[in-house]
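Some notes on the structure that comes next.
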Amino acid sequence: MALIEDSCLRGCKGKVGGLVVYRLGDRTVVRTVGERVSGEFSAGQRAQQERIASVAILYKSMKAAGLYKGWQDAVRGTALTGYNEFVRRNVSAFSGDGRIADFGKLQLTAGRLLLPDKLEVCRSGEDEVEIRWSNERLYPGMREDDRIMAAMMKRKDVFTIKILNAEENSRERGRVRIRLPPELECFPHLFVYACSATGEEFSVSRYFYSFKI
220 MALIEDSCLR GCKGKVGGLV VYRLGDRTVV RTVGERVSGE FSAGQRAQQE
270 RIASVAILYK SMKAAGLYKG WQDAVRGTAL TGYNEFVRRN VSAFSGDGRI
320 ADFGKLQLTA GRLLLPDKLE VCRSGEDEVE IRWSNERLYP GMREDDRIMA
370 AMMKRKDVFT IKILNAEENS RERGRVRIRL PPELECFPHL FVYACSATGE
420 EFSVSRYFYS FKI
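Below is the structure:
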């Protein structure tokens, strides 16, 4: 079962494809349709349905966060859609109950850009994180004005994605400090990705760690 907190999805209800969206108290919840098709579903089939349903919700959260163009770029020249590729890369990160089992397997962004070498993240204060990297080599396709960005997620059953705003985060600088606002106190999972200055191109995201602010 997945919980929805994104404002663009909150309040929705009804059946969408193989999913049922409904209210549970003050939360919006998504589950797979439980009706039988031919006989009973096996435990493995039900688990896979839960995984796919949860990936679909994470996909919607990714789009709401403005990260979809990278997935379009990742499948350019193929017969796949961005959604197909998103499911393919992310379904293994989920357990059979539809919750995230391994944040390290998640890819929130995709694309042809490359992350810089020697990328690392550390705390630089109670409410600040610093991202550092090496600029010793610029590989083909890298540009000095590419942006090094960070995103955060909440927990294994809530798929909201929050993008951290930062100034002076161009690739050429070699480091960026990002303030962690108080409202993200319960968002401990940190991902780093690169995007072009125009916001049209992305790299694959990299998960770093879970921490408490």
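As numbered in my numbering, residues 220 to 432 make up the sequence shown, in order.
Each residue gets a CB set at the ideal place from its N, CA and C atoms; glycine is no exception.
Who are the near neighbours of residue 422 in its chain, counting only those whose CB is closer than 7 Å to its CB and skipping five residues on each side?
-> Taking the first residue of the sequence shown as position 1, residue 422 is located at position 203. Only 328, 330, 332, 333, 334, 412, 413 meet the Cβ criterion.
From the DSSP output, read off the bridge partner residues of residue 422.
-> As a working mapping, residue 422 is identified with position 203 in the sequence shown. BP columns for residue 422 point to 332.
Straight-line Cα distance separating residue 373 from residue 351 | Start at 1 with the first residue of the sequence shown, and residue 351 comes out as number 132. Start at 1 with the first residue of the sequence shown, and residue 373 comes out as number 154. In a straight line, the C-alpha of residue 351 is about 23 Å away from that of residue 373.
Own chain, CB closer than 8 Å to residue 291, minus 5 neighbours either side, in chain order = The sequence position of residue 291 within the sequence shown is 72, counting from 1. 301, listed in sequence order.
Going by beta carbon distance, what residues of the same chain come within less than 8 Å of residue 349, once the five residues before and after it are set aside?
-> In the sequence shown, the residue the question calls residue 349 occupies position 130. Excluding sequence neighbours, residue 349 sits near 340, 341, 342, 343, 394, 395, 396, 397.
Going by beta carbon distance, what residues of the same chain come within less than 8 Å of residue 306, once the five residues before and after it are set aside?
-> Sequence index remark: in the sequence shown, residue 306 carries index 87 (1-based). So the list reads 271, 274, 275, 278, once near-sequence residues are dropped.
For residue 353, count neighbouring Cβ atoms within 10 angstroms of its own Cβ and tell me buried if that reaches 16, exposed if not.
-> Taking the first residue of the sequence shown as 1, we reach residue 353 at position 134. That one is exposed.
Give every residue of the same chain whose Cβ lies closer than 6 Å to the Cβ of residue 388, excluding the five residues on either side of it in the sequence, and list them in chain order.
-> Within the sequence shown, residue 388 is the residue found at index 169, counting from 1. Answer for residue 388: 366, 367, 395, listed in chain order.
Using three-state DSSP, classify residue 410 as helix, strand or coil.
-> The residue you call residue 410 lines up with position 191 of the sequence shown. It is a strand residue.
Can you give the Cα-Cα distance for residue 284 and residue 267, rounded to whole angstroms?
-> If you number the sequence shown from 1, residue 284 lands on position 65. If you number the sequence shown from 1, residue 267 lands on position 48. Residue 267 has its alpha-carbon roughly 26 Å from the corresponding atom of residue 284.
Distance CB(residue 399)-CB(residue 346) smaller than 8 Å | Sequence index remark: in the sequence shown, residue 399 carries index 180 (1-based). Sequence index remark: in the sequence shown, residue 346 carries index 127 (1-based). Taking 8 Å as the Cβ cut-off, residue 399 and residue 346 qualify as a contacting pair.
Would you give the residue range spanned by the beta strand (DSSP E) that residue 371 belongs to?
-> Here residue 371 corresponds to residue number 152 of the sequence shown, with the count starting at 1. Annotation: the continuous beta strand (DSSP E) that includes residue 371 extends over 366-374.
Could you please give the first and the last residue of the uninterrupted beta strand (DSSP E) stretch that includes residue 288?
-> For the purposes of this step, residue 288 is identified with residue 69 of the sequence shown, where counting begins at 1. Note, residue 288: premise wrong, no beta strand (DSSP E); alpha helix (DSSP H) at 287-293.
Using the DSSP secondary-structure output, state which residues sit across from residue 381 in a beta bridge.
-> Taking the sequence shown and counting its residues from 1, one reaches residue 381 at position 162. DSSP, once it has assigned bridges, lists 371 as partnering residue 381.
For residue 429, the residue or residues it bridges with in DSSP | Reading the sequence shown from its first residue, position 210 is the one you call residue 429. Partner residues in the beta bridge of residue 429, as assigned by DSSP, are 408.
Are residue 322 and residue 424 close, meaning C-beta to C-beta below 8 Å?
-> For the purposes of this step, residue 322 is taken as residue 103 along the sequence shown, with counting starting at 1. For the purposes of this step, residue 424 is taken as residue 205 along the sequence shown, with counting starting at 1. No, Cβ-Cβ distance for residue 322 and residue 424 is not below 8 Å.
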